[in-house]
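Scroll down for the structure; my scribbles are underneath it.
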Amino acid sequence: MQKKNTIIKIFIAILILSLAFTGCSKEVVYVSDNDFLLDTIVNIKIFHYKNQKIDEDIISDSFELIKDYENMLSIHIEGSDMDRLAKASGREPISVDPFTIEIIEKSIEYSELSGGLFDITSGPLIELWAIDPPNGHLPSKAELEDTLPLIGYKRISLFDNGSVTLEIKGMKANLGAIAKGAITDKVKEFLVENGVSSAIINTGGNVLLIGNKPDDQLFSIGIQDPNNLRGSYLLALSISDKAVVSSGDYERFFEVDGKIYHHILDPFTGYPADTNIKQVSIIAENSTDADALSTTVLLMGLKNGIDLIESTEGVEAVFITKDDNIYITDGLEGSYTVNEELMENYSIVESKEELF
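Printed below as a string of structure tokens:
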């Protein structure tokens, strides 16, 4: 009898330990790290069950990957593809990395889609304004007249041998409106190839999700209140495996004589885009498209921007206007919650016709 009781006690102890370990295995935890890259704070957060092992170097390796692509694509880094392309403008074609060609080709697609409003050859214009908050340069009419002839995506020539040229001396291609998204997609690709199935990649306003959380719960991604402090969220999106990119006229700007000049420049007028969009958040399958679309929409204006998003498969958006109206595309219905306190300052518009 004593032996039987001992066996029962051992069995119960094993059962308790088994349940304890099972409970631990179902606890979702994460590893996370930050670095200053792409002129912003980059954060990578990888989710996993507590008993799963994660490669300790995978986030630092991701940061190194970002550095490599930044060195390739940034106009501000000597020897980059964009730096060499600018220095060779008006002369001979130069060979660049296939990834650079891929981004230029995607940029040209958005140039065509936007009627030329999205234009990576706006580099000289961006340089002229020199917006580095709180500073910037308000160009004279003469300066703009000298600069605008250097802008025009149709003067980019791509060749079958992987080379590219800018046809006019002084032209500069700046990939700032799309490169961050493209690099973020490359990071996701790297993480997935190395076994990561649940993560958030945040490259400063560009959020890219890998899957769901390990327990199949959706991620909650906040949409910034453009009239409030950073981290004040109007909406929380419940989504998975998507990109969320937000852009607004409040992000980078300077002020002269009480007038605000923001960083999203119209390549036709030479001035900051003058539309009724305060902020737009694009939800798409990948960060490249979401990044490019966020700038494209701000340049196109509210009506044309909404029409573009609603006609693009797999893309949704949240528009916030300067007069504090919010329009949320139909595909997001049921996938968001609102911050009731902050929402008191806004009106959600049910039909886009009410916006115009």
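Residue numbers (this note's numbering): 704 to 1059.
A virtual CB, placed ideally from N, CA and C, is assigned to each residue, including glycine.
In chain order, LEU940, SER941, ILE942 place their CB closer than 7 Å to the CB of SER1038, counting only its own chain and leaving out the 5 sequence neighbours on each side. Secondary-structure assignment with DSSP links LYS857 through no beta bridge to anything. Beyond the five residues adjoining it in sequence on each side, SER949 comes within less than 8 Å, by CB distance, of GLY908, ILE926, GLN927, GLN982, VAL983, SER984, ILE985, SER997 in the same chain, given in chain order. If you keep only unbroken beta strand (DSSP E) runs of at least 3 residues inside the segment 1022-1048, you get 1028-1031, 1039-1041. Checking the DSSP bridge columns, you'll see LEU740 partnered with THR743. As DSSP reads the structure, GLY925 sits in a beta bridge with ALA939. In this structure, ASN905 is the residue among TRP832, ASN905, SER990 with its C-alpha nearest to the C-alpha of SER735. Of the candidates LEU816, THR972, ASP784, ASP952, ASP952 places its Cα closest to the Cα of HIS966. Residues of the same chain with a CB within less than 6 Å of the CB of ALA987, apart from the 5 flanking positions on each side, are ALA946, ALA993, VAL1018 in chain order. Judged by DSSP secondary structure, LEU911 falls within the beta strand (DSSP E) whose first and last residues are 909-913.
LYS916 and ILE807 have their C-alpha atoms roughly 34 Å apart. If you ignore the 5 residues before and after LEU740, its C-beta comes within less than 8 Å of the C-beta of PHE766, ILE769, LYS770, GLU773, THR906, all in its own chain and listed in chain order. Here PHE821 is buried: its Cβ has 16 or more other Cβ atoms, across all protein chains shown, within 10 Å. Linking SER763 to ASP849 through their CA atoms gives a straight-line distance of about 44 Å. In this model, ASP918 and LYS729 are separated by some 8 Å (Cα to Cα).
Between VAL799 and ASP784, the beta carbon gap of about 4 Å places them in contact (Cβ cut-off 8 Å). LEU968 is bridged by DSSP to PRO975. Per the C-alpha coordinates, the member of ASN754, LEU937, PHE802 positioned closest to ILE886 is PHE802. In this structure the segment 824-841 lies against the segment 856-871, because at least three pairs of beta carbons, one per stretch, are closer than 8 Å. If you draw a 10 Å sphere on the C-beta of SER777, you find 16 or more other C-beta atoms in it, and that means buried. Looking at the DSSP output, ASP835 bridges to ASN838. PHE971 counts as exposed, since fewer than 16 other C-beta atoms from the protein chains shown sit within 10 angstroms of its C-beta. Cβ contact annotation for SER810 (same chain, cutoff 6 Å, sequence separation greater than five): ILE823, ILE881, in chain order. Closest in C-alpha terms to ALA902, from the list ILE1031, MET874, SER923, comes SER923. Residue range 801-816 is occupied by the alpha helix (DSSP H) that includes GLU805. Under the three-state reduction of DSSP, ALA987 is assigned to strand. In the three-state reduction of the DSSP assignment, TYR953 falls in the coil class.
Counting only runs that start and end inside the segment 843-893, the beta strand (DSSP E) elements of at least 3 residues fall at 859-861, 866-869. Annotation for ASN774: the continuous alpha helix (DSSP H) segment containing it runs 761-776. For the pair ASN754 and SER900, the Cα-to-Cα distance works out to about 15 Å. PHE957 places its beta carbon 7 Å or farther from that of GLY879. Take the alpha-carbon of TYR733 and the one of ILE797: they are about 44 Å apart. Residue environment: PHE1022 is assigned as buried (16 or more neighbouring CB atoms within 10 Å of its CB, all protein chains considered).
Between SER817 and GLY884, the C-beta spacing is not below 7 Å.
Note: ILE749 is bridge-paired with VAL734, ALA902 in the DSSP secondary-structure output.
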